[in-house]
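What the sequence shown shows, in mature numbering (1 follows the signal peptide of the UniProt record, and there is no 0), is residues -34 to -1, 1 to 223, in sequence order. Just so it is clear, CB atoms sit at the ideal spot from N, CA and C, and this is done for glycine as well. Please read the structure below before turning to the comments.
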Amino acid sequence: MLRNMRSDTRMGSTTLFWGLMLSVSTICIWSTHGEICGPSIDIRNDISEFKRLENCTVVEGYLQILLINDKTNNINQEVFRSLSFPKLTVITDYLLLFRVSGLDSLSILFPNLSVIRGRNLFYDYSLVIYEMTSLKDIGLYNLRNITRGAVRIEKNPELCYMNSVDWSLIMNARLNNVINGNKKTKECDNVCPGIMEDNPLCQRTSFNDNYDYRCWTSTQCQKGNVNSMVFYFILPNDEKKQLQEGVFARYTLITAV
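Below, the structure is given as structure tokens:
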């Protein structure tokens, strides 16, 4: 399984591509238990597979979304905008997106995703966004913590707002993040909230020698540093009885300072 794959060195695009091809050939056996979903969820080929995420608060393992194209699914941006999983807050391994047509932002899909723990990585990465031809912004405006692993965001020709995110606010900035091959900054209209209208300005930080306002989209600022606290699920009594005692202590919720 991909969750056990490791790489001790920084890999190139070719290695990542073949790793993704291996992902395509991997069959994931999944199950759910209450609102803790897993082990791992693999969504591919058909947009109807997103139903696996219904009622998930935590994905125990990785979440892979890949190979969904408009030719076989007759989908467009409006179809994805009708999909939303606001209950999902934690992914314990990694989040990977690869060749999903029509998805222009993750802001509606995962509006409350707060933590990617990186317990097991895709090579050295806990967030991989690769060859997403329709993606215009990442939009994970509630993402507060990437506990372990780097990010790889590459070859997304329409993707903007890459220079307005300060990754050091949510992860170890010393990691070898790979962010290239996306839309050129000069071709993007990266305007953070408050600059063009009478709204509060986003915070300003210095990252990669660039002191600027920090935001995920034109309407969503990047939020500040975080504290960690124990996350307890509020479930109906009958569902609580189904969960083994002590399972809650394995998860953390990241909340604003």
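Check the Cα spacing between residue 78 and each of 124, 141 and 52: the tightest is with 52. The beta-carbon distance between residue 128 and residue 112, rounded to whole angstroms, is 16 Å. This is too long to meet the 8 Å contact definition. Three or more beta-carbon pairs drawn from the stretch 84 to 92 and the stretch 43 to 62 are found closer than 8 Å, and the two stretches are therefore classed as touching. In this structure residue 106 is in contact with residue 76, their Cβ atoms being roughly 6 Å apart against a cut-off of 8 Å. The stretch 119 to 136 makes contact with the stretch 179 to 190; the number of CB pairs closer than 8 Å reaches 3 or more. The count of Cβ pairs closer than 8 Å, one atom from the stretch 119 to 127 and one from the stretch 94 to 108, reaches three, so the stretches are in contact.
Secondary structure at residue 44: helix, using DSSP grouped into helix, strand and coil. With a contact defined as Cβ atoms closer than 8 Å, residue 68 and residue 46 qualify at about 5 Å. Going by beta carbons, residue 126 and residue 102 fall inside the 8 Å limit. Here residue 162 is exposed: its Cβ has fewer than 16 other Cβ atoms, across all protein chains shown, within 10 Å. Pairing residue 33 with residue 10 gives a Cβ-Cβ distance under 8 Å. Taking all protein chains in view, the Cβ of residue 20 is surrounded by fewer than 16 other Cβ atoms within 10 Å, so the residue is classified as exposed.
When DSSP reads this structure, residue 187 sits in a beta bridge with 181.
A residue is called buried when at least 16 other Cβ atoms come within 10 angstroms of its Cβ; residue 179 meets this threshold and is buried. Per DSSP, the continuous beta strand (DSSP E) segment holding residue 117 begins and ends at 116 to 120. The Cβ neighbour count for residue 80, taken over all protein chains shown within 10 Å, is at least 16; the residue is labelled buried. In the structure shown, residue 73 falls within a coil segment according to DSSP collapsed to helix, strand and coil.
Residue 183 sits away from residue 135, with the two beta carbons spaced by 8 Å or more.
The alpha-carbon separation between residue 72 and residue 175 amounts to approximately 27 Å. Each residue's CA atom was taken as its position, placing residue 49 and residue 74 some 7 Å apart.
Counting of Cβ neighbours within 10 angstroms places residue 12 among the exposed residues, the total staying below 16. Contact annotation: residue 24 and residue 44 have beta-carbon atoms that are not nearer than 8 Å.
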